[in-house]
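K.L.:
In this text, residue positions in the sequence shown follow my numbering: the first is 15, and each later residue adds one.
Where a beta carbon is used, it is the ideal one built from N, C-alpha and C, also for glycine.
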Amino acid sequence: MAEVVQIEVPARPEYLALVRLLVASATATAPLFADERLDDLRLVISEACTNAMEAQQRASADGRPEQPIRVRCVVDPEKVELEIRDHGGGFDPSVLRQHPPVSDPARLDHERGLGITLMRMLADELEFDPVPGGTVVRLTILALPPAGAA
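The structure is reproduced here in structure tokens:
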């Protein structure tokens, strides 16, 4: 049976550790999750929340009222589904600036922009959904990597 944990936090970086702790603690109840998948989960939730917080901060700087980000975590014995919702005005992931692949040494010339690439590499499913006034990011992390995955 799946368990659902939700939290709303201010769009400030000092709350990232709280979100990571909550999601990791909730996931620890699923015995099939290997330590490496928990590490992937922590990194993915950090990147997704950082992007949401930055989007919300940009929106607040433009005069919109500050609103929290919402994180929803559904823990199932075989997977974790994450949903991160911001009120940052939304974005189109298809127009993101392309960087060299992570394995290319030229990638070191770019200090930012790795978050979505990491999420795509580590999550088994990733989608960005525009919603009125913001974005919802949905990620799925399987307890064990798919057969044949390295």
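So, using beta-carbon positions, are A40 and P82 closer together than 8 Å?
P.N.:
Against a cut-off of 8 Å, the Cβ pair of P82 and A40 comes out as no contact.
K.L.:
With a CB to CB cut of under 6 Å and the five nearest residues on each side skipped, what residues in its chain are close to E22?
P.N.:
P82 and R84
K.L.:
Return helix, strand or coil for L96, following the three-state DSSP convention.
P.N.:
DSSP, reduced to helix, strand and coil, places L96 within a strand of the structure shown.
K.L.:
Just the C-alpha distance for G102 and Q70, rounded to the nearest angstrom, thanks.
P.N.:
4 Å
K.L.:
On the three-state DSSP scale, how would you describe T43?
P.N.:
coil
K.L.:
Just to check my reading of the structure: G148 and N65 have Cβ atoms closer than 8 Å, yes? What is that Cβ distance to the nearest angstrom?
P.N.:
G148 to N65, Cβ: 11 Å. No contact.
K.L.:
What are the partner residues of E139, as DSSP defines its beta bridges?
P.N.:
T154
K.L.:
Where DSSP assigns a beta bridge to C87, which residues make up the other side?
P.N.:
V19 and L96
K.L.:
Does DSSP classify P144 as helix, strand or coil?
P.N.:
strand
K.L.:
Since T131 sits in a beta bridge, which residues does DSSP pair it with?
P.N.:
DSSP output for T131 lists no bridge partner at all.
K.L.:
Going by the DSSP bridge assignment, what does T149 pair with across the sheet?
P.N.:
D100 and P144
K.L.:
Give the range of the alpha helix (DSSP H) segment to which E61 is assigned.
P.N.:
D49 to A75
K.L.:
Thinking just about the alpha-carbon of each residue, which of P119, G77, R99 and S60 is nearest to the one in L132?
P.N.:
The residue among P119, G77, R99 and S60 with its C-alpha nearest the C-alpha of L132 is S60.
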